[in-house]
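Structure first, commentary second.
Number of protein chains: 2
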Amino acid sequence: MHIEELDTPHLLVELNGLEDNLDRYQDYFSKHGIGLRPHIKTHKSLTIAHMQMRRGAIGITCQKLGEAEVMVAGGVDRDVLIPFNIMGRAKLERLTALTRRTTLTVAADSKITIRGLSEATTAAGVSVGVVIELGGAGRCGVETAQLAGELATLADSLPGVELRGVMIMPAPPEIRPFLQECLAQFDAKGLPYPMVSGGSTPAAFTAHEIPELTEFRAGEYPVGGMKHLQLQTHTVAQCAVRVLMTCVSRPTANRAIFDGGSKSLSAALFADEERGSLMGHIIEFPEARFSDASEEHGQVDVSRCDPQPKIGDRVQVIPVHPCPTFNEHDVFAAIRDDRVEALWPVHARGAIR
Amino acid sequence: MHIEELDTPHLLVELNGLEDNLDRYQDYFSKHGIGLRPHIKTHKSLTIAHMQMRRGAIGITCQKLGEAEVMVAGGVDRDVLIPFNIMGRAKLERLTALTRRTTLTVAADSKITIRGLSEATTAAGVSVGVVIELGGAGRCGVETAQLAGELATLADSLPGVELRGVMIMPAPPEIRPFLQECLAQFDAKGLPYPMVSGGSTPAAFTAHEIPELTEFRAGEYPVGGMKHLQLQTHTVAQCAVRVLMTCVSRPTANRAIFDGGSKSLSAALFADEERGSLMGHIIEFPEARFSDASEEHGQVDVSRCDPQPKIGDRVQVIPVHPCPTFNEHDVFAAIRDDRVEALWPVHARGAIR
Chain A
20 MHIEELDTPH LLVELNGLED NLDRYQDYFS KHGIGLRPHI KTHKSLTIAH
70 MQMRRGAIGI TCQKLGEAEV MVAGGVDRDV LIPFNIMGRA KLERLTALTR
120 RTTLTVAADS KITIRGLSEA TTAAGVSVGV VIELGGAGRC GVETAQLAGE
170 LATLADSLPG VELRGVMIMP APPEIRPFLQ ECLAQFDAKG LPYPMVSGGS
220 TPAAFTAHEI PELTEFRAGE YPVGGMKHLQ LQTHTVAQCA VRVLMTCVSR
270 PTANRAIFDG GSKSLSAALF ADEERGSLMG HIIEFPEARF SDASEEHGQV
320 DVSRCDPQPK IGDRVQVIPV HPCPTFNEHD VFAAIRDDRV EALWPVHARG
370 AIR
Chain B
20 MHIEELDTPH LLVELNGLED NLDRYQDYFS KHGIGLRPHI KTHKSLTIAH
70 MQMRRGAIGI TCQKLGEAEV MVAGGVDRDV LIPFNIMGRA KLERLTALTR
120 RTTLTVAADS KITIRGLSEA TTAAGVSVGV VIELGGAGRC GVETAQLAGE
170 LATLADSLPG VELRGVMIMP APPEIRPFLQ ECLAQFDAKG LPYPMVSGGS
220 TPAAFTAHEI PELTEFRAGE YPVGGMKHLQ LQTHTVAQCA VRVLMTCVSR
270 PTANRAIFDG GSKSLSAALF ADEERGSLMG HIIEFPEARF SDASEEHGQV
320 DVSRCDPQPK IGDRVQVIPV HPCPTFNEHD VFAAIRDDRV EALWPVHARG
370 AIR
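Going down the list, the sequences are from chains A and B. Heads up: the first sequence is residues 20 to 372, going by the numbering used here. Heads up: the second sequence is residues 20 to 372, going by the numbering used here.
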C-alpha cells in the first residue's frame, strides 16, 4: 500500500528513522556499560517496545500502572520500573498482582507511599522493589539527601518492599553532586543501591559523565520531535513520528489550513525564539510557520514558502512532543520509503490509571 | 456508587450543572427564535447529544465526517452540519453514503471543494447541502463578500449540491456588517440562504443581536471550562466537566503533585493575566495555581492555600478547554451529588477523519 492511499490526518512512524534511532541509542548505552530502560510512555506501542528489548534494553519504564499492565500482558515482561508514587486500594491491589507477572520496581518520594506499598504487598504475600525518587526539577522527588536517606532507611526496614536504590529525572551531568550526596547517605547507613536510574532523552548522550548511573530511562529517542530537531540529536529523517495532513483551505495569500489540529498533533506548543510559538514542523515546507491549531484545523503561515502549499497537497508534520501525539491516535502507519508496511495499534493509549 | 470509589485520574461530568446549562442555553435560543445546533465536538457523546436533541435542538454540528458517522449511527440523525471542507476520494465516498442516512450539510470555502462535492454526489446519485464558510477569524472561510457570492453562484449552478446559505465562526455582533455584505451578494444574484449559521459558546448570548442568524452552533456550553469561568457565563457549579485527581506527592512546602497531567486534562494552556499560564482550576483549592503538567503529573503551586492539599487528597479540576479533555478519555463518570449515576462512553473520541 502506498502512503498516498492513507486518508488524512494519519499518524505515521517512518521505520528507517525509527530503527536508526533504536540502534544508535542502544549502541551508546551498550558501549558505556549503562543499561537502557526505554520509557514506553512515548510510543505506547508493544511493537516498538519489543524492538527495544530485542536490541538489548534491560527492561522498560512505564509511567502508570495501566501502561505496565498493557506491556506485561503483551509479553514485554522482563523488568518494569514505574517511576510514580502508587497509592489507593484499587491501584495497590493491581500492583501486587502485577508483581507475580514481572520484576517490578516503583518509585516513592514519601513515607506515606512507602508504607502503603509495604502494607499492600505484605497483605498479599508478595514483594515489590522500591527506588527513592530524587527531585530538583520542579516535579516529584525528595529535595534533600537527608530525606532520601530517611526514606531509604524506612524502605529497607519494612516488609514487602525491597530497597533497590534511587531514580532521578532529568539527569544531565549537573545533577551528579546531588546524586553523590544522596548515595553517600545510603553508604553511611549501609543501604544497597543496585539501581541508580537517570532519565530523559535530551540528557541521554551525557549519561557516561555520571559514572554512578547503572541505567538510563529515555522515552522520546526512537522518534524525536521538534525539541530534538532543535537540539540536533535528531535529523528530520530521524524524527520518525509525523502526522500526515492535507491542505484543505487557502483563505488568504499567506494562510493555509490543514486538516490536522490539536486532536492529531496534541495541544503542545514549542516556543521558538525567532518564530514564536509553533505546533509542528512541516517537512515539505520547512519555511512554513505552523503557528496555531484548533482541534481539527492546523493554521499555517506560508508567507515565506516558495512554492506554497495548494489545496489538496499532503504533508508530513513533525509534532512538538511525540508522547501526547501518540496518545491522540489508536493506530499508526509504519511506513518505509512511501510504502505502508503495517498499521500498528497504540496499545497503551489512554492508560492513565 | 460513591464518587470516592472511582480510581483517579477520572473524567467526570456533573449532571446538575450539565442539565442546567442544556436548559438555559436552549431556553435562550428558543426565546429568540434561533435554532440551536449543538456542536458535539466538545463532549463527543451520543448520550449528551440525545439530551440536546430532546430539549429542542434543530440538529447537530460535527467537525469531522467520522464524528458525524458516530452520531448518525447512534440515532442522532435528524440534521447534521459538518463545517469543514471535505475532500479526497475516501471521505467523499463516505460522505455520499451518509447523505442517505441524514439530512447533511457541509461547508466549503473554495471552488475546489465545491466541485469535488458535486462530482462525488452526482456520481453517487445523491445530493448534499452546502453552506459557504465566511472567514475573518484567521482560520478557514472566504474573506470577501465578492468571493462568497462567486462560490454561492458556483454551488447553485452545479448538480448534486444544494446551496443552503452561509456559516461563520465565531459570531460575535461585530461580524454583522460582513455577514450583511455577503448576504447582499446572495440577494443580488437571487440565491437562497435558508441557513445563516453563527457559532461559538462565548458569543451565544448575543446571537439575537444578529437578526440574520437562523441558527447557532455552540459546543462548550453544556460543560464550560476555565474560559467560561472567566467570562462568567458559567459558575463553578456549571463547569460540569472536571478531572478527578489525587495528590500523590508534596515535595516542598509550596508544591503539590497530582496524578493527572496533560493526558487527563490535555496540554491546553490558559493565559491568566495575573497568575500566568494555567492548566486547570482546582475546585477544592481555588487559591492553588495549576501551573504546569507533564503527561501524568500535574504540578501545582499551593503557596496561597490554607489549608494545603495533603498526599492522598482527591480534588476535582476544571480543565482549560473541555473539547480536547474529552478526547483524552474513553469514558466519563456522570455524577450527581457525589454519586456516580453512570459510566458513559466518549463515543466519538478520536474520530479525526
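Even glycine gets a Cβ: it sits at the ideal position worked out from N, Cα and C.
Give me whichever residues DSSP pairs with residue i in a beta bridge.
{"i": "Q335/A", "result": "L263/A"}
{"i": "Q318/A", "result": "I276/A, D311/A"}
{"i": "R195/A", "result": "Answer is none; R195/A lacks a bridge partner."}
{"i": "L55/B", "result": "F235/B"}
{"i": "L173/A", "result": "Bridge partners of L173/A: none, in fact."}
{"i": "C351/A", "result": "The sequence given here has Phe at residue 351/A, not Cys. F351/A is bridged to W363/A."}
{"i": "T122/A", "result": "D98/A"}
{"i": "H300/B", "result": "I337/B"}
{"i": "R358/A", "result": "H21/A, R355/A"}
{"i": "F289/A", "result": "L297/A"}
{"i": "S219/B", "result": "The partner list for S219/B (beta bridge, DSSP) is empty, contrary to what the question assumes."}
Under the rule that 16 or more other beta-carbon atoms within 10 Å means buried, what is residue i, buried or exposed?
{"i": "M245/B", "result": "buried"}
{"i": "T140/A", "result": "buried"}
{"i": "M257/A", "result": "This sequence places Gln at residue 257/A; Met is not what is there. Buried."}
{"i": "Q327/B", "result": "buried"}
{"i": "T124/B", "result": "buried"}
{"i": "R97/A", "result": "exposed"}
{"i": "G52/A", "result": "exposed"}
{"i": "E112/A", "result": "exposed"}
So, are the CB atoms of residue i and residue j less than 8 Å apart?
{"i": "C126/A", "j": "F103/A", "result": "Just to set this straight, residue 126/A is Ala in the shown sequence, not Cys. Going by C-beta atoms, A126/A is nearer than 8 Å to F103/A."}
{"i": "A77/A", "j": "V99/A", "result": "The residue you asked about is not Ala; residue 77/A is Ile in the sequence shown. The answer is no: Cβ separation not under 8 Å."}
{"i": "S219/B", "j": "P189/B", "result": "yes"}
{"i": "V185/A", "j": "C201/A", "result": "yes"}
{"i": "T271/A", "j": "E162/B", "result": "yes"}
{"i": "R368/A", "j": "G85/A", "result": "no"}
{"i": "P221/A", "j": "R183/A", "result": "no"}
{"i": "D26/A", "j": "K50/B", "result": "no"}
{"i": "S129/B", "j": "S268/A", "result": "yes"}
{"i": "C342/A", "j": "E239/A", "result": "yes"}
{"i": "A312/A", "j": "C324/A", "result": "no"}
{"i": "G75/B", "j": "S137/B", "result": "no"}
{"i": "I101/B", "j": "L153/B", "result": "no"}
Please return the same chain residues whose Cβ sits closer than 6 Å to the Cβ of residue i, not counting the five positions on each side in sequence.
{"i": "L170/B", "result": "I151"}
{"i": "H247/A", "result": "H253"}
{"i": "D291/A", "result": "L297"}
{"i": "K60/A", "result": "Q82, G238, C342"}
{"i": "E33/A", "result": "A259, I354"}
{"i": "T115/B", "result": "A139, T140, A143, V145"}
{"i": "N40/B", "result": "Y240, P241, Q257"}
Using C-beta distances below 7 Å, list every residue in its chain close to residue i, excluding the 5 sequence neighbours before and after it, in chain order.
{"i": "V95/B", "result": "L65, A68, H69, M72, I79"}
{"i": "V365/A", "result": "K63, S64, F345, H348, D349, V350, F351"}
{"i": "H340/B", "result": "G244, S285, A287"}
Where residue i and residue j are concerned, what is the direct C-alpha to C-alpha distance, given to the nearest angstrom?
{"i": "C266/B", "j": "G317/B", "result": "9 Å"}
{"i": "M20/B", "j": "R358/B", "result": "6 Å"}
{"i": "P57/B", "j": "A287/A", "result": "27 Å"}
{"i": "Y44/B", "j": "A92/B", "result": "26 Å"}
{"i": "Q335/A", "j": "K63/B", "result": "27 Å"}
{"i": "I131/A", "j": "K282/B", "result": "25 Å"}
{"i": "A226/B", "j": "A223/A", "result": "55 Å"}
{"i": "D320/B", "j": "G295/B", "result": "12 Å"}
{"i": "V242/B", "j": "A167/B", "result": "34 Å"}
{"i": "D278/B", "j": "S176/B", "result": "57 Å"}
{"i": "A164/A", "j": "Q204/A", "result": "7 Å"}
{"i": "A143/B", "j": "E181/B", "result": "15 Å"}
{"i": "R274/A", "j": "F235/A", "result": "43 Å"}
{"i": "E88/B", "j": "L117/B", "result": "7 Å"}
{"i": "G331/A", "j": "M264/A", "result": "9 Å"}
{"i": "F48/B", "j": "V149/B", "result": "23 Å"}
{"i": "F309/A", "j": "P28/A", "result": "15 Å"}
{"i": "W363/B", "j": "A370/B", "result": "17 Å"}
{"i": "G157/A", "j": "E24/B", "result": "30 Å"}
Could you check whether the Cβ of residue i sits closer than 7 Å to any heavy atom belonging to the ligand GTP?
{"i": "E162/B", "result": "No copy of the ligand GTP appears in this structure; indeed no ligand is present at all."}
Which residues in the same chain have their Cβ closer than 8 Å to the Cβ of residue i, if we skip the five residues on either side of it in sequence?
{"i": "T172/B", "result": "K208, L210"}
{"i": "E231/A", "result": "R195, L198, Q199, L202, V215"}
{"i": "M106/B", "result": "I131, T132, G135"}
{"i": "I302/A", "result": "V255, R261, V334, Q335, V336, I337"}
{"i": "I22/A", "result": "L31, L263, A352, I354, D357, R358, V359"}
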